[in-house]
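Comments concern the structure below.
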Amino acid sequence: MPGALILVVDDFEDNREIYAQFLRFSGYRVAEAVDGLDALAKAADLRPDLIVMDLSLPRLDGWEATRQLKNDPVTRAIPVVALTGHALDGLEDRARVSGCDSFVTKPCIPADLEAEIRRVLAVTSGARVGRE
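Just so you know, the sequence shown maps onto residues 3 to 134 in my numbering.
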């Protein structure tokens with residue numbers, strides 16, 4: 003869904019910049035957040051179509067930020083793609099229990115992340131239409 007607003011949450015500026023630039027080049031609108039608290043504020047204010055959430059963040063980690071997003075009626079329906087450098091067994095299940103809709107490990111080629119974003123948006127937009 004080019005034109006969709008994607009919130010990219012990562013505490014490393016280089017990561018945010020790489021993913022944000024690629025997504026903009028691919029036709030998405032992009033907002034950025036530097037940690038979980040910033041992500042909560044921007045998600046409530048901007049209501050993005052999808053959030054790419056790094057799980058290892060300062061101040062408020064991505065696990066707790068996702069739990070709070072999914073517990074808030076204003077942001078509950080926003081799909082969250084977990085993006086993490088940790089690929090340990092069980093982490094994907096833990097991310098899904100926290101509310102993540104998808105799980106991608108770093109390093110991740112921007113085109114692969116964009117493909118996963120497109121897939122999640124297609125699935126969740128169909129689910130939202132069915133509920134309306």
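By construction, the Cβ of each residue, glycine as well, lies at the ideal position given by its N, Cα and C atoms. If you're wondering where the values come from, they're calculated on a predicted model, not measured in any experiment.
Quiz item: If you run the structure through DSSP and keep just helix, strand and coil, what is G132?
Solution: As a first step, residue 132 is located in the sequence shown; it is residue number 130 there, counting from the start. Unreliable placement is indicated for G132, whose pLDDT of 38 sits below 50; the coordinate value is still reported in the next sentence. Here G132 sits in helix by DSSP.
Quiz item: What is the rounded straight-line gap between the Cα of A45 and the Cα of T77?
Solution: Within the sequence shown, numbered from 1, the residue matching residue 45 stands at position 43. Within the sequence shown, numbered from 1, the residue matching residue 77 stands at position 75. The straight-line gap separating the alpha-carbon atoms of A45 and T77 is approximately 7 Å.
Quiz item: In whole angstroms, what separates the C-alpha of R130 from that of P81?
Solution: By 1-based counting over the sequence shown, the position of residue 130 is 128. By 1-based counting over the sequence shown, the position of residue 81 is 79. Note that R130 scores a pLDDT of 47, beneath 50, so its modelled location is shaky; the value from the coordinates is reported in the next line. Inter-residue distance for R130 and P81 is about 11 Å (C-alpha atoms, whole angstroms).
Exercise. Could you tell me the boundaries of the alpha helix (DSSP H) in which R18 lies?
Key: In the sequence shown, counting from the first residue as 1, residue 18 sits at position 16. First-last of the alpha helix (DSSP H) with R18: E15 to F27.
Exercise. Assign R32 to buried or exposed, taking buried as 16 or more other Cβ atoms, counted over all protein chains shown, within 10 Å of its Cβ.
Key: Residue mapping note: residue 32 aligns to position 30 of the sequence shown, counting from 1. For clarity, residue 32 is Val in the given sequence; the question names Arg instead. By the neighbour-count rule (16 or more Cβ atoms within 10 Å), V32 is buried.
Quiz item: Enumerated in chain order, which unbroken segments of the beta strand (DSSP E) with a length of 3 residues or greater are wholly contained in the region 42–66?
Solution: Those beta strand (DSSP E) runs which fall completely within the region 42–66 and span 3+ residues are 52–56.
Quiz prompt | Distance cut-off 7 Å: L57 Cβ against heavy atoms of the ligand MG | solution = Here there are no bound small molecules, and the ligand MG is not part of this structure.
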